[in-house]
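Read through the structure below, which is laid out as structure tokens, and then see the notes.
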Amino acid sequence: EVQLLESGGGLVWPGGSLRLSCAASGFTFSTYAMSWVRQAPGQGLEWVSATSYDGAVTYYTDSVKGRFTISRDNSRNTLYLQMNSLRGEDTAVYYCAKQVGGSHVYWGQGTLVTVSS
Amino acid sequence: QSALTQPRSVSGSPGQSVTISCTGTSSDVGGYNYVSWYQQYPGKVPKLMIYDVIKRPSGVPDRFSGSKSGNTASLTISGLQAEDEADYYCCSYAGTSYVFGTGTQVAVL
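Note that the protein sequences, when read in sequence, are chains A and B. Residue numbers for the first sequence follow my numbering, so the first one is 1115 and each next one is one higher. Residue numbers for the second sequence follow my numbering, so the first one is 10 and each next one is one higher.
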């Protein structure tokens, strides 16, 4: 059974940093692209970032470029999102998702990031 | 990277059909056959319902179907059931990114 378990969310001051983790199990993590998708309170889904199966290729939505870094450790079956220079508009539930082709097939339960003073 | 446009809400009676549109551009919906649809209940995790425009994952009822014409994709729910009341989001690959739709609330009257 595919499982994705996010962690690392919490309350952070504007300008602060957080690192999210997503522990994967139930599939061969090293052979799949992965994404981060977020959802602000009461709002819709927003794709944030994606990485190829080996971490060699990464993509970001414009609003996080230069602030967020996606990475993965295939030896630990873990996906990461390093978030720096956080802003209020980054407040959201962050989901990691397993990609198959152009679709987000499996989603974790999400971790809440709150940026506030 | 503007969000794809969906109607805010659609509604129908049990047994009826409803269609949700998802309008993008030639750089996303119109340019790739990588449109997917997700169902989300309040407070729950999104679930994949349709992928690659028309394909249905195993376990998804066949009353859910997808299509695309030009820059607009559509999700049709035939034989609407009470449990279909949820939010639905489309998503398209856009070359070096993905873009989600604005979301549609489906109400079963």
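In this text, a Cβ means the ideal position worked out from N, Cα and C, and glycines have one as well.
- Sequence-ordered contacts of the region 1159-1172 of chain A with chain B read L1159, E1160, W1161 and A1164 [C-beta pairs closer than 8 Å].
- The beta-carbon separation of E1120/A and Y1194/A, rounded to 10 Å, does not stay under the 8 Å limit for a contact.
- When D1204/A, V1219/A, C1210/A and D1187/A are compared, the shortest CA-CA separation from G1130/A is found for D1204/A.
- Close CB contacts of G1224/A within its chain, under the 7 Å cut and outside five residues either way in sequence, are with E1120, V1207, Y1208 and Y1209 (chain order).
- For G68/B, the closest of T111/B, S76/B, M58/B and S87/B by C-alpha to C-alpha distance is M58/B.
- Those residues of the region 1216-1228 of chain A placed with their C-beta closer than 9 Å to a C-beta in chain B are G1216, S1217, H1218, V1219, Y1220, W1221, G1222, Q1223 and G1224, ordered along the chain.
- For a cut-off of 8 Å, the C-beta gap from V44/B to I29/B is around 12 Å, too long to register as a contact.
- Within its own chain, the residues whose Cβ lies closer than 6 Å to the Cβ of G21/B, once the five positions on either side in sequence are excluded, are V27 and L89, listed in chain order.
- Rounded to the nearest angstrom, the gap between the Cα atoms of D61/B and T32/B is 16 Å.
- Assigned with DSSP and collapsed to three states, F1143/A falls in helix.
- Annotation for A1138/A: L1118 and N1191 place their beta carbon closer than 6 Å to its own, counting only its chain and skipping 5 residues before and after.
- Chain order gives the chain A residues near T105/B as Y1173, where near means a beta carbon separation below 8 Å.
- Put simply, the backbone Cα of D1176/A is about 37 Å away from that of V117/B.
- Chain-order list of chain A residues neighbouring L13/B: empty, with the shortest C-beta distance near 10 Å, by a criterion of under 7 Å.
- Burial check for G79/B: the Cβ neighbour count within 10 Å stays below 16, so the residue is exposed.
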